[in-house]
Every structure is written in C-alpha cells, then in structure tokens.
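Data first, discussion second: the structure below is written as structure tokens.
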Amino acid sequence: PLVNMSQQFNSILAALAGAERIFALIDEKPEVDDGIVTLVNVEEVDGQLVECEQRTNRWAWKHPHGNEFTLVEMKGDVRFHDVVFGYEENHTVLKNINLFAKPGQKIAFVGSTGAGKTTITNLINRFYDINKGSITYDGIDIKLIKKDDLRTSLAMVLQDTHLFTATVMENIRLGKRGATDEEVRAAAKAANCDEFVHRLPQGYNTPIGENGAKLSGGERQRISIARALLKDAPIVLLDEATASLDVENETKVQGALSRLLVGKTVLVIAHRMRTVEAADKIIVLADGRVAEEGTPAELMNKNGLYHRMVDLQRQSAGWRLN
Ligand code: DCP
Ligand code: MG
C-alpha cells in the first residue's frame, strides 16, 4: 500500500499544478472594451456617405453622439501624440513619441533591438494601453474605437506569429471571416504557402498543432502573410514580416506583399535595408525616443545613426560574401 500511495502522490501533485494554471486562467480579468466607434461599410449616394450591409471595400467610422451619429471615412491616418508607455509601472519603454503616418504613406521603423519598435505596433492594435498622450486613427482617439473594429481595420504580420490549434485553412481564414475556400487558397498561393501545404498529409485540412508546432518558422510566417493578404485592410503593420524566410521565398513573397501594400498606410519594421530604403519616411528609434526622422536620402545626408546602420550592414554583407 505504501508503494501504491507514493505513486498516487505523484498524480496528485501533477493535478495540483494543473489546477493552479486553470484557476489562474479563470481569474484572468476580461479585456475591457468601452469603445463606441464602430467600423461600417459605406457607399456614396449623391455625394454623401451612407452605411450599407454588403462589403464595398469602402469603410467609415461610425461615431455615435447621443442619438445621432457621424460617419468619418476611413483613410488610414495614424498619429502618436506625446505617447508615453511602459510594460511595467516604473520602466518607461516609449518616451514622448510623436509621429504620424498619412494615408498611403510607407513608414519604416529602424533601431537596435529593444528600442521599442514592436511596442509601437502593440499600441496601435491596443494589445496594451498607453500611459500618457494619445493615438489617433483618422482623427479619432483609438480608445473610443471598439477593439474588434480597430483590429478589423489592421492587417498585421507580427514578429511572433500566432497560430491556433486548427487546420491550415481555418488559420488563414482568420484574416477574413466568411472568406471562401477559393479566396483562402489564392491568398495562400500569393504568400507562397501552396507548395508546403500540399506536402502536409491532409493539405489545407491538416490540423496544425498548438501554435503551429508542426511547422517551421518560415512556414508559420508565410501563413501569417497569407492571412494579411486575405484581410486586405487599409493599414498594414509588418514587424519583421519576412525575417524568417530564405532569400528565394522572400523574393517570391515580396511581390505579393508589395501588391498588397499599394494605396495602404504601411508601418514596417525591418532589419534589412532593402525594405527600409523603399519607404517614404524612416523613423529611427533609440532608447524609446525618435532619434532621427526623414526620407532615406535625407537621413543618408545627415550622417547620423541611420547612416551608420547602413554602413554596418553593407560591411557585414561584404564580409559574408568574401
Ligand atoms: N518589453 C517588456 N515587456 C514586453 C515586451 C517588451 O518589458 N512584454 C521591453 C523589452 C525592451 C522594450 O520593452 O526593453 C522594447 O521592446 P520591443 O519589443 O518594442 O523592442 P524591439 O521590437 O525594438 O526589438 P527587436 O528588434 O528585438 O524586435
Ligand atoms: Mg520587435
């Protein structure tokens, strides 16, 4: 009986550890969402925007004021006004950030690791709330926008791709609820997923393990790119979107990405200078502040941080080739 009991003891400890995690999850506070502004499809009737049911690919923010509401066409204008933010109370990561992206502009963020680039994207999609200042989207404070609707308006390829325990098809379809199988396949093809998906035992219906455990980093990233392509939203956030891809795959995917980006407001974070050089504006972050800002040519002339980064990359590229 003693041996028996000691064996039971093991399972009891394991169960206790499990229970602790379950209770922690139950205790987790639900995300508060007090947004009132929603995103609706609109069409133009006699020069006036009118809300409509079907997808028109023209969107507006519906802002209620009492019983009335106004429709503000979604253009994709993002602004940070004196934004201060820290993940923990006594450690500020972003210090008085001011920046803007006009509709259709391509803004690139560069800076050493830990400078706060990913943090900026985390704030735009409201994974975290800022401590001071404000972020506006087409002139509306994003705190007023319903989180679901805010995120609908953003297509993102994030540094850490998150995949769900579901099939490949379902994971890509997350980009656009109600997309047909054909649409999903087209997006997958454009993101260069088609080939590896066909090698999976059940093709698009293959369940991928928890957080895509059965896929490689580059495959996960391509699924996340397919998702963003399918979504086709007016603002696109790319955080090292092609960093896990080899040169061949990157070149192929880049074509699809650049088609996606036409006419969109794009915030791109990249280490490779080739991506950055094509931007309308570069923002160099250092230690949570905007250290330099300007067109690629302006920053090259300035002979500052950006210039040094470009030089270093050229040197290391040369070093690798030799
Ligand atoms: N940080 C934190 N808690 C988190 C995420 C980040 O305390 N959940 C800290 C770590 C860094 C700072 O915030 O000191 C900025 O982190 P970012 O992820 O924004 O840094 P980058 O994206 O610029 O770095 P990388 O180039 O490595 O992706
Ligand atoms: Mg990052």
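Read in our numbering, the sequence shown has 161 at position 160, and its numbers run on one by one without any break.
C-beta: ideal position from N, C-alpha, C; glycine also.
Under the Cβ criterion (8 Å, minimum of three pairs), the stretch 43-59 does not count as touching the stretch 158-172. DSSP places F197 in the uninterrupted alpha helix (DSSP H) bounded by 195-200.
DSSP places N172 outside any beta strand (DSSP E); the residue lies instead in the alpha helix (DSSP H), whose first and last residues are 169-174. Residue list for ligand 1: Y88, V94, T114, G115, A116, G117, K118, T119, T120 (CB closer than 5 Å to any heavy atom, chain order). DSSP, reduced to helix, strand and coil, places R56 outside both helices and strands of the structure shown, so it counts as coil.
In this structure, the C-beta of D240 approaches ligand 2 to less than 7 Å from one of its heavy atoms.
For Q255, the CB contacts under 8 Å within the same chain, skipping 5 residues up- and downstream, are T243 in chain order. The stretch 219-237 makes no contact with the stretch 141-151, as fewer than three CB pairs between them are under 8 Å.
Per the coordinates, the alpha-carbon of D34 lies some 12 Å from the alpha-carbon of F128. The shortest CA-to-CA distance from N99 to any of N304, V285, S317 is the one to V285. Ranking K103, H82, A257 by CA distance to the CA of L231 puts A257 first. In this structure, I108 places its C-beta atom within 8 Å of the C-beta atom of A102. DSSP, read as helix, strand or coil, puts V158 in strand.
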